[in-house]
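Protein chains: 4
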Amino acid sequence: MRPMTMMKAAIFVEPNRIVLDEKPIPDVGPLDALVRITTTTICGTDVHILKGEYPVERGLTIGHEPVGVIEKLGSAVQGYTEGQRVIAGAISPSGYSNACLCGCHSQDGPGTKHGFRPMGGWRFGNTIDGAQAEFLLVPDAMVNLAPIPDGLTDEQVLMCPDIMSTGFSGAESGSVRIGDTVAVFAQGPIGLCATAGARLMGATTIIGVDSVPERMEIARKMGADHVVDFTKGDVVAEIMRLTDGRGVDVAIEALGRQETFEAALRILRPGGTLSSLGVYSNDLTIPLDAFSAGLGDNKIVTTLCPGGKERMRRLMDVIASQRLDTTPLVTHRYRLDEVEDAYDLFSHQRDGVLKVAIQP
Amino acid sequence: MRPMTMMKAAIFVEPNRIVLDEKPIPDVGPLDALVRITTTTICGTDVHILKGEYPVERGLTIGHEPVGVIEKLGSAVQGYTEGQRVIAGAISPSGYSNACLCGCHSQDGPGTKHGFRPMGGWRFGNTIDGAQAEFLLVPDAMVNLAPIPDGLTDEQVLMCPDIMSTGFSGAESGSVRIGDTVAVFAQGPIGLCATAGARLMGATTIIGVDSVPERMEIARKMGADHVVDFTKGDVVAEIMRLTDGRGVDVAIEALGRQETFEAALRILRPGGTLSSLGVYSNDLTIPLDAFSAGLGDNKIVTTLCPGGKERMRRLMDVIASQRLDTTPLVTHRYRLDEVEDAYDLFSHQRDGVLKVAIQP
Amino acid sequence: MRPMTMMKAAIFVEPNRIVLDEKPIPDVGPLDALVRITTTTICGTDVHILKGEYPVERGLTIGHEPVGVIEKLGSAVQGYTEGQRVIAGAISPSGYSNACLCGCHSQDGPGTKHGFRPMGGWRFGNTIDGAQAEFLLVPDAMVNLAPIPDGLTDEQVLMCPDIMSTGFSGAESGSVRIGDTVAVFAQGPIGLCATAGARLMGATTIIGVDSVPERMEIARKMGADHVVDFTKGDVVAEIMRLTDGRGVDVAIEALGRQETFEAALRILRPGGTLSSLGVYSNDLTIPLDAFSAGLGDNKIVTTLCPGGKERMRRLMDVIASQRLDTTPLVTHRYRLDEVEDAYDLFSHQRDGVLKVAIQP
Amino acid sequence: MRPMTMMKAAIFVEPNRIVLDEKPIPDVGPLDALVRITTTTICGTDVHILKGEYPVERGLTIGHEPVGVIEKLGSAVQGYTEGQRVIAGAISPSGYSNACLCGCHSQDGPGTKHGFRPMGGWRFGNTIDGAQAEFLLVPDAMVNLAPIPDGLTDEQVLMCPDIMSTGFSGAESGSVRIGDTVAVFAQGPIGLCATAGARLMGATTIIGVDSVPERMEIARKMGADHVVDFTKGDVVAEIMRLTDGRGVDVAIEALGRQETFEAALRILRPGGTLSSLGVYSNDLTIPLDAFSAGLGDNKIVTTLCPGGKERMRRLMDVIASQRLDTTPLVTHRYRLDEVEDAYDLFSHQRDGVLKVAIQP
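Chains as they are written, first to last, in the working numbering: chain A, 1 to 360; chain B, 361 to 720; chain C, 721 to 1080; chain D, 1081 to 1440.
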């Protein structure tokens, strides 16, 4: 019999090996909350970790998309009850750093001298144990725990912690306005949510770019007016044609590669904004002509997934008010015991997978 | 005797040849104004034209920084009087394009289908005859003519049409706030005005970067708290030291080269903004680490010199209210007859030249 | 036989008398366009004029919501063709005033010294002849004429010049964000469009307030999640109940009365914005408690209908992309000959009228 | 002998009675810090409390402007050391409420269901014991304690917690831009800092309004270009004259009365912003004409003093960089033992008092 103090967790052992193993259930500090995970999922970033492309410490529990139930509250945590259903954002800011105090929660560096650290708000499955486990310790619980509205299922809110928050931020950081023309490069889970976000903010012409038929189809359901297959001709020329030569107000990059970044830049109208969500693996090149030699009044904006309970509350409101249904993104389901199979499927992008749901 | 209908003008003949020649004084259309130039100057962009690096039509009159007196008003122009002293911005928008109507005046494309064109608002000395002449025809005069407040000399307002408008926009597009730390790369005329702009907007730590002693000295007068000589050690390391490891809130690039662009990116704090003013001549590289792989919540913003009479009015107010004195930037004076000498000095950056004043 | 140089027009004769009469077809100046009206409508403001509550000159043609065909272009107007179907905004800015050049087009004062004038952009049916006529002279045509996209009928775009532009601006000036809770006071044509605008911008809880059953019903179709009948109990208490005691992020006032203004203020959450669209007839009172004694970080923002061709282009894009259908707002149709009957019906708000379509 | 566990404090006993008495030195919870006060001051709000106009609990220690030394840190507080010199803002947000997480720190309601509460971030001398004492317990210390830069005296930073933060916010919330014309109504300590803030943000015409000669004189030193004595003629007419009939871009109200609020509204240009800092005691009236019947594209914005350590860091940077010296505002000095005398002088505004420094 497994002792009560141990739990199962998906652990990074070494590049190309994430395995299910046992770990002690963590102790709960005064500001923490222990959450019993009921559903979680795998992110593209986890695959980067798996492949050794993004370094984390060996022995770390992976995962940053938790849905669960409060098991135990720290002694100083108020405003919650044990047994409450909650989510926490992939990014879990402290609330007290200088970064947080100027609204830059994702770049939180609570332990640094000046309070800013690149990606410092990303802790789960990066600098502390993550959500692909039976239990998750949530630090700064009063900043990060967001109660799930009655009537919403785990799968309905499963995209909120990362995919939907990141995707929407592509449209938000692009300052999409009513009547805008927006192109979204790549219609994976984040790109699809960027498409949905642009739609929610009032864009009237939304152009999704991908080549996988299933993704192109779901892109239309999420709000794309046009879907361009980049394997069939020149995507820049096609978007210029669709916009009657004008270009787009906002281009959202949701893949993280030179080709998409460059195409996004080339289709911007003068004065337009490239809103970048991709996680890049290489240096980028800005072609002189695509950049109007620096004189085009253009913006390039990058955004890391916004977190914190207020963000989560708003995203769950989007679901509860039926503005958007993200459950079609969940294409496969696994038990936590099968997490290695889930990684196998997801990392090879087999079987039309978009997102998997994992339930301990 | 030179006929009354002819005027002298500095004309682009071919690469490396701008010469003073005669041209007809232009006819005045209903919306135009003819301005008798009293003072003008040469811009770095004009040197790009001279060298053939930026193509313009042969026979074009160069120059986009006019100070003068209204000689003749078009039949439909109201609100001005002949004999009035005026300036016009380097960028002369139409006021009626879609670009203008959404506040993007510099990217004005009045003749295009959708009203946006990269740099389309820049007409003088680019797509129409410019200001280095005895007379300048100003199109859309009611949009572009700004009366000079009483008591200001030509040289006091000579920087308004371009240098000061562009330099200030570096701080403005960077959204400099009270208490910000700002670095300005290169302390040529535009960088100096960016330094002054950051100061005017409330930055409390301003770091100028250059290597020319005279420019470093004037940088302090324009508002820099620190001046870093990039030839004496690692400028990135020095700025990180000056900011106690935090980096800057806003980095302004005012040179147009890979080294400065890259250094500006490297010293940004997470969430910081690179405000780019430089005119680049080559593709740019964004190093992966300097960009936090796209996850640093950073912005890269480019701005073309804002124009139009309201912008000019505000800039002249800065001068009139003694918030800033740009006359120290005028280091040399020439008559229009000597314009070829002026180009020679300015294009070779001899004798500590910052800006020249040219008077027909 | 009516001479070719005369046209029919609805003319303000004196308070309580707007009559159909004949007027000369206006001459076309170099920057003007003559538009043959195909459809127009009556606005609540016209009723204020009719009643003598808003003063205009006797003999003025009323109306500021034109849909038509270009009959004749001024000699300096480029980019259009005669015979083209167009609309123009209720507000017709000049494009060249200082107000326009700083993005404040509706407060355009082209003839004033400094270029700002309250409501100065509103010319049709206010300071120049309006649209309830066979022909309309559009000044500054290149700023104001917006071609109608193929396939859209007159009635589909009839709300764009004023109702939809004004209503949407209520949501836009309130800076509605994804996940916001918004209340809209009064669900007349403008309030209904404010409701639709809040929906388009991503509000997830939208509360419409009215008491007329037909309006309450159409409010739901336009995007309201809840509709509160203010005649049945305390509207403030009800909205606080619906928002779980939190209040709303944005309250839009679309009636112009003390009761609605005050209720809108009372339901704001701390930090929330009151976006006011109403045309008030009396001084307003800000109750001390509703205003947190000035310490609630609240905003009160007023907006006059945005105009200009770019605005019109964007609004027609909303229609063309099927984001919104405003034709249900057109409840009655009249020929121009029957304009007096139309005023009679509309001014008495009989027969469930929302908007009338008038066709010469 | 006074026991070590007791301290002196200025306590609200009943309306018109604030007395110096003894209280236990508070216990330090895990997130708290105990600060030994070295300098503090009296605010106009404290006088409202004294007079019974703003209700607080009897027995409360008054004061919200602390300068001191960390005496003891809570067990969970990191990043500080005992003995460190610090200030805390008058507003001390929790960092974890929904209000804080959307940047609305002053309206923090950590104990409320939705995390927003009017003025909820104001705790010192309002809902918890304040700073006019030997010791102050600072809650959420990691959010609120800001180390004082080396070389700055207590009096140099004494205005940061409230006066300077509030005054600057008047300019910030008004979005003052380079070239703006700004009027500031009342040149008391907050109005003077609003004047300085407008200057720091680039306003080129700043008009201070007051009638006390000493204040009018210091207004010029803080940045006013013109000072209008409202007792000598019509202040609205005079400001319209000074602005050549145009009105101001931003009017800052820093008194809290109908006359100043109304005058501020009347002098706004169309599209201008009234930034209100005053604490009002009565309902306000918005005159119909001053409000352009709601059609002037105007904004009325209220701001409660921004707090938190990042705000304090920035304000102290303003002092340290010599952009502003607020020590001329300190006109009188008292020991804590003399606090009742200090209240007597300050509440009667005798002897040209601006601010008093009180040292335990």
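Glycine is no exception: its CB is placed at the ideal position from the N, C-alpha and C atoms.
Fair warning: this is a prediction, and the values are worked out from it, not measured in the lab.
Only residues of its own chain outside the window of five on either side were considered, and among them Val395, Arg396, Thr398, Gly443, Gln444, Arg445 and Val446 have a CB closer than 8 Å to the CB of Val429(B), listed in chain order. In this structure the region 477 to 494 of chain B does not touch the region 647 to 655 of chain B; the number of beta carbon pairs closer than 8 Å is below three.
In this structure Ala1251(D) is in contact with Gly1277(D), their Cβ atoms being roughly 4 Å apart against a cut-off of 8 Å. Distances from the CA of Glu217(A) to each of Gly188(A), Arg199(A) and Thr231(A) were compared; the closest alpha carbon is that of Gly188(A). Judged by DSSP in its simplified three-state form, Arg989(C) adopts strand.
Between Gly562(B) and Ile538(B) the beta-carbon gap is near 4 Å, inside 8 Å, which marks them as a contact. Separation of the CB atoms of Gly815(C) and Val767(C) is rounded to 30 Å, and the pair is thereby denied contact status at 8 Å. Counting of Cβ neighbours within 10 angstroms places Pro1241(D) among the buried residues, the total reaching 16 or more. Residues of chain B whose Cβ lies closer than 7 Å to the Cβ of Gly1282(D) are, in chain order, Leu560 and Met561.
Identification of chain A residues near Glu892(C) by a Cβ-Cβ cut-off of 8 Å yields Arg177 and Ile178, ordered along the chain. For Arg215(A), the CB contacts under 6 Å within the same chain, skipping 5 residues up- and downstream, are Gln187 in chain order.
In this structure, DSSP gives His474(B) a state outside helix and strand, which the three-state scheme calls coil.
Runs of the beta strand (DSSP E) lying entirely within the region 1009 to 1071 of chain C and spanning at least 3 residues, in chain order: 1019 to 1022 and 1050 to 1055.
Just measuring C-alpha positions, the residue of Thr765(C), Asp747(C) and Met727(C) sitting nearest Ser1067(C) is Thr765(C). Under the three-state reduction of DSSP, Leu274(A) is assigned to strand. For Arg1033(C), the residues of chain B that pass the 8 Å Cβ criterion are Asn458, in the order they occur in the chain. In this structure, Ala254(A) lies near Ile190(A), with their beta-carbon atoms less than 8 Å apart.
Per the C-alpha coordinates, the member of Leu1354(D), Leu1345(D), Ile1438(D) and Val1108(D) positioned closest to Pro1367(D) is Leu1345(D). Burial of Arg1349(D) is indicated by the presence of at least 16 other C-beta atoms within 10 angstroms of its C-beta.
Only Gly1183 from the region 1183 to 1195 of chain D bring a Cβ to less than 7 Å from some Cβ of chain A.
The beta carbons of Gly167(A) and Leu192(A) sit closer together than 8 Å.
In terms of Cβ geometry, Ser889(C) and Pro1026(C) form a close pair [threshold 8 Å]. Neighbours of Val318(A) in chain C, taken as residues at a C-beta separation under 7 Å, are given in chain order as Ile898, Gly899 and Thr924. Every alpha helix (DSSP H) stretch that sits fully inside the region 522 to 553 of chain B and reaches 4 residues is listed by chain position as 525 to 533. With respect to the 8 Å criterion, Ala357(A) and Ala251(A) are not classified as neighbours on the basis of their beta carbons. Between Ala370(B) and Gln492(B) a beta carbon distance of about 4 Å is seen, short of the 8 Å cut, so the two are scored as contacting. Near chain B, meaning a CB-to-CB distance below 8 Å, the residues of the region 1399 to 1423 of chain D are Ala1400, Ser1401 and Arg1403. Not a single C-beta of chain A is nearer than 8 Å to the C-beta of Asp1017(C). The secondary-structure analysis by DSSP pairs Glu1339(D) with nothing; it has no beta-bridge partner. Collapsing the DSSP output to three states places Arg935(C) in a helix. In the structure shown, Leu644(B) adopts extended strand secondary structure according to DSSP, grouped into three states. Residue range Lys1435 to Gln1439 is occupied by the beta strand (DSSP E) that includes Ala1437(D). Along the region 150 to 170 of chain A, the positions whose C-beta sits under 9 Å from a C-beta of chain C are Phe168, read in chain order.
Distance from the Cα of Gly992(C) is smallest, within the candidate group Ser817(C), Ser895(C), Gln1069(C) and Arg1070(C), for Ser895(C).
The beta carbon of Glu742(C) does not come within 8 Å of any beta carbon belonging to chain B, so the residue lies off that interface.
Between Glu155(A) and Val330(A), the C-beta spacing is below 8 Å.
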